[in-house]
Amino acid sequence: MAPFPSALLFSLIAAFGSLCGLAVIRHYENWGQKNSVLFAAFAAGILLSAAFLQMIPHAMFAAPRLAPIALMLGYLALYVIGLATSRKDHASHMDKRAIALIPVIGIAIHSFVDGLAYSVSFSIDQHTGMMAVMGLILHEFPESIMAFVLLLRGGFPVQRALFLAFLASTLTTPLGMLISFPFVSMLDGPLLGALLAATAGALIFVAASHLVPNIEHDRRQKTGIFFFAGILFTAILQLTHLI
């Protein structure tokens, strides 16, 4: 399949995964909040192993000089975005709903960057795209639940919280893919390799800074099993591709 249809298809699947998260938390709130961390654990394992086993080596081969710098910049860019959308210096002077919106805006930006990751990964090749998007699709489920819960705690009515969570976690991924793909498709090998490294850095940040801490706070043994299962699953896929 050509890069654009593949990237579009899987960004829409990710949007569907986000919708599933909203449906589950709306109708099965206790189950959704209890088990969303398992999806996050499996997604974290996939994202980390896909970045280290597939994306970074491919980027280093395509752009040996640019890739290390781009990798660091990709990580730092997401760190700065997270820092900017989680500041609480003046929380006491802000409306409760405005405070709830700040991290949700951060989720929207992360989801938009996910769309960019789809464009970049599938522009490299189909296997790199598949390795990257599996973890991205799975982490949409807990991400949409997180957005909805934050909005509810901020005092938003249920229907408005659902709508805003839908905008932040569902629409932004295919939107990011559609906006970024025309620009990504014009890049040559070294620049595309550097962008792949930056994307890997961003995915490492999402996994290490947002998903893994949730795993550490969850005391259930099976959460760690899901994390290592994600790593093992991706490693097996990589080995079968090499063979």
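Position 121 of the sequence shown, counted from 1, bears residue number 121 in full-length UniProt numbering, the numbering being contiguous throughout.
Beta carbons: idealized from backbone N, C-alpha and C, even for Gly.
Model, not experiment: these values are computed from the prediction.
#1: Just reading off the alpha helix (DSSP H) that S11 is part of, what are its end residues?
#2: Can you check the region 48 to 77 for any alpha helix (DSSP H) of at least 4 residues that lies completely inside it and give the ranges in chain order?
#3: With 16 other CB atoms within 10 Å as the buried threshold, where does I236 fall?
#4: With residue 317 and T234 assumed to form a contact (beta carbons below 8 Å), what rounded beta-carbon distance in angstroms separates them?
#5: Do three or more CB pairs link the region 75 to 84 to the region 135 to 151 at distances below 8 Å?
#6: Quick one: using the 10 Å Cβ neighbour count with 16 as the cut-off for buried, is I215 buried or exposed?
#7: Assign D114 to buried or exposed, taking buried as 16 or more other Cβ atoms, counted over all protein chains shown, within 10 Å of its Cβ.
#8: Over the uninterrupted alpha helix (DSSP H) stretch that includes F156, give me the two end residues.
#9: Have a look at F228, L196, T240 and V120 and flag the residue whose alpha-carbon is nearest the alpha-carbon of F10.
#10: Report back the beta-carbon spacing between A51 and I204 to the nearest angstrom; my notes put them in contact at under 8 Å.
#11: Checking 7 Å against the spacing of the C-beta atoms, do T170 and L71 come in under that value?
#12: Using CA coordinates, which residue listed in Q221, V212 and K96 is at the minimum distance from A40?
#13: So, are the CB atoms of L150 and V104 less than 7 Å apart?
#14: Following the continuous alpha helix (DSSP H) through R97, name the residue where it begins and the one where it ends.
#15: Just confirm the distance between the C-beta atoms of A147 and A168, as a whole number of angstroms; I'd bet it's less than 8 Å.
#16: Would A67 and A208 qualify as a contact pair, given that the criterion is a beta-carbon distance under 7 Å?
#17: Residue range of the alpha helix (DSSP H) that T170 falls in?
#18: Roughly how many angstroms separate the alpha carbons of L162 and A43, rounded to a whole number?
#19: Indicate the three-state DSSP secondary structure (helix, strand or coil) for S209 in the structure shown.
#20: Please state whether DSSP places L83 in a helix, a strand or coil.
#21: Pick from A63, I25, N35 and P3: whose alpha carbon is nearest that of A198?
#22: Roughly how many whole angstroms lie between the Cα atoms of G32 and I99?
On the basis of the supplied data:
#1: Going by DSSP, S11 is part of the alpha helix (DSSP H) stretching over P3 to H27.
#2: You should have 56 to 62.
#3: The C-beta of I236 has fewer than 16 other C-beta atoms within 10 Å across all chains shown, which makes the residue exposed.
#4: As displayed, the chain neither begins before 1 nor continues past 243, which places residue 317 out of reach and without an answer.
#5: By the criterion of at least three beta-carbon pairs nearer than 8 Å, the region 75 to 84 is not in contact with the region 135 to 151.
#6: Flag for I215 reads buried.
#7: So D114 counts as buried.
#8: No alpha helix (DSSP H) holds F156; DSSP gives it neither H nor E.
#9: Per the Cα distances, V120.
#10: At roughly 5 Å, the Cβ-Cβ gap stays under 8 Å, so A51 and I204 are in contact.
#11: No; because the gap between Cβ atoms is not below 7 Å, this pair is not in contact.
#12: When only C-alpha atoms are compared, the closest one is V212.
#13: Cβ atoms of L150 and V104: closer than 7 Å.
#14: R97 -> alpha helix (DSSP H) spans K96 to I124.
#15: Indeed they touch by this definition, with Cβ atoms about 5 Å apart.
#16: No, these two residues do not count as a Cβ contact at 7 Å.
#17: First-last for T170: undefined, no H or E at that position.
#18: Their Cα atoms are separated by approximately 23 Å.
#19: Of the three classes helix, strand and coil, the one that applies to S209 here is helix, per DSSP.
#20: In the structure shown, L83 falls within a helical segment according to DSSP collapsed to helix, strand and coil.
#21: Of the candidates A63, I25, N35 and P3, the one whose C-alpha sits nearest the C-alpha of A198 is A63.
#22: Near 23 Å, if we compare the C-alpha coordinates of I99 and G32.
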